[in-house]
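This note's numbering applies: residue 197 is where the sequence shown begins, and numbers increase by one.
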Amino acid sequence: MTDPVSSRRTFLTGAAMVGAAAVTRVGAASLPEAATQSSAATMAPLMPPNGRPYNPVVTLNGWTLPWRMKDNVKEFHLVAEPVVREIAPGMKANLWGYNGQSPGPTIEVVEGDRVRIFVTNKLPEHTSIHWHGQILPCGMDGVTGLTQPGIAPGKTFVYEFVAKYAGTFMYHPHADEMVQMAMGMMGFWITHPKNPAQHAVDRDFVFLLNAYDIAPGAYTPKVNTMLDFNLWTFNSRASPGIDPMVAALGDRVRIRAGNLTMTNHPLHLHGHRFEVTGTDGGWVPPAARFPEVTTDIAVGQMRAIEFVADNPGDWAFHCHKSHHTMNAMGHDVPTMIGVDHTGVAEKINRLLPDYMVMGDKGGSMGGMEMPLPENTLPMMTGEGPFGGIDMGGMFTTLKVRAGQPRGDYRDPGWYRHPAGTLAYEWTGEMPPAPGAAGAQARAGDTVVTVQKPGPHHEH
Ligand SMILES: [Cu+2]
């Protein structure tokens, strides 16, 4: 009935409509180049060389994937592969990611763009990519088993769809998810509005919230950890390895974060009030926005916050769960506040030469130096202009400076506080203590608040 040519055509069209087609049908020779990145530094925004104009984002400690324009389709090439990611100076991790880094590069397109993404699998097991938040044909949704077979090692699949709505999105595998997400397979996706004047800001920062469980001294995350992660990161970087977000005084700033950890993160910004202007589902209508200084980002969610950087300084920006602003080694340590260790360390040192007493005065471990296994970050290491910052993990700064040139994201150094605006030590007369004379504890008194420790505490 039908001639072989037209039935073949029907077969090809059908295959393309059913879902992501194996690249062999297109021909491997036409694959776009897969750009790769070896640095974990924040790269300058990628100005669009073709296509509709837009205001590019800045990926914190990351980069944007270049594309090839072919017959008015933006073609990207992602390569899923093992990578080495520097988590912070002094620590590297063996992760899985895309194009040389974990997270993978940010993909930036414009509302209405037709996008074709080639995904090559160089992992030892099958994978897929789910385009988290995109409204697309079901067969392009990247759910292994449900909408496509897994992409076998060595194979390349093609995803193609129109980026329908402007907003903040992510990508990650829907294949052996617990392992592949625990190993760092994820990336950011921005669909810019068709009209660049819409939702325009002066600086637009993006990063993913991710977490790892890497034992002190190890390089590879444990992949069966469900909750007890020990490295809390922005874009697979832990403080002090996270670059500051730099803004000029008066800039309108947007920060977008996506959460691909297994718990929520209340992100807190100092010195400014912001509004949540974008969620997983798109832009929040102006009438529905309200001022906040902390916004909680649940698992799998994206949030865009906006504010005017109208307060000069170096402002902390961090997750408000205090154990998320610590690096590894922070687990299973008993509270020792109030416990008098006098003499204890000496005795233990005879048995364990490297032993050190932790935290009997509240344990500021920020400035503490103790021997660590190799490739292990101290718990709280950041060094600021006034000493140890006592924070690690999900912590960085927003640096607001008058006269910071437009488009300049370089660290301007530490803020110089104008005279009379800095907290200072009181050295004058002390007011009389409240209550009866002698009620004040004498220095050297031991107050056991937490535990009954040992016989040497009994008076
Ligand atoms: Cu957190």
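We put the beta carbon where it would ideally sit given N, CA and C, even for glycine. Source: prediction; values computed, not measured.
For A231, there is no enclosing alpha helix (DSSP H), as DSSP marks it with neither H nor E. Membership of V375 in any beta strand (DSSP E) is not indicated; the residue belongs instead to the alpha helix (DSSP H) covering E373 to A378. Taken in chain order, the complete beta strand (DSSP E) segments of 3 or more residues contained in the stretch 263-296 are 264-266, 269-284 and 287-294. For E304, the enclosing beta strand (DSSP E) starts and ends at I303 to V306. Q394 is classed as exposed because its beta carbon has fewer than 16 other beta carbons within 10 Å across all chains shown. With fewer than 16 other Cβ atoms inside 10 Å of its own Cβ, R469 counts as exposed. For G258, the three-state secondary structure derived from DSSP is coil. Collapsing the DSSP output to three states places S432 in coil. F503 has its alpha-carbon roughly 30 Å from the corresponding atom of M381. In this chain, the beta strand (DSSP E) harbouring N455 covers R448 to N455. Of all C-beta pairs linking the stretch 440-460 to the stretch 395-410, three or more are shorter than 8 Å, placing the two stretches in contact. Inclusion of C515 in the 6 Å shell around ligand 1 follows from its C-beta lying nearer than that to a non-hydrogen atom of the ligand.
Distances taken from the Cβ of H461 to the heavy atoms of ligand 1 include one shorter than 6 Å. Counting only residues of its own chain and dropping the five nearest sequence neighbours on each side, I438 has a CB closer than 6 Å to the CB of F430 and T592. The count of Cβ pairs closer than 8 Å, one atom from the stretch 506-520 and one from the stretch 600-619, reaches three, so the stretches are in contact. Distance from the CA atom of H466 to the CA atom of K266, rounded to whole angstroms, is 45 Å. The Cβ atoms of M379 and W259 lie no closer than 7 Å to each other. Here T323 is not near I303, since their CB atoms are 7 Å or more apart.
Per DSSP, the unbroken beta strand (DSSP E) holding W327 starts and ends at H326 to H328.
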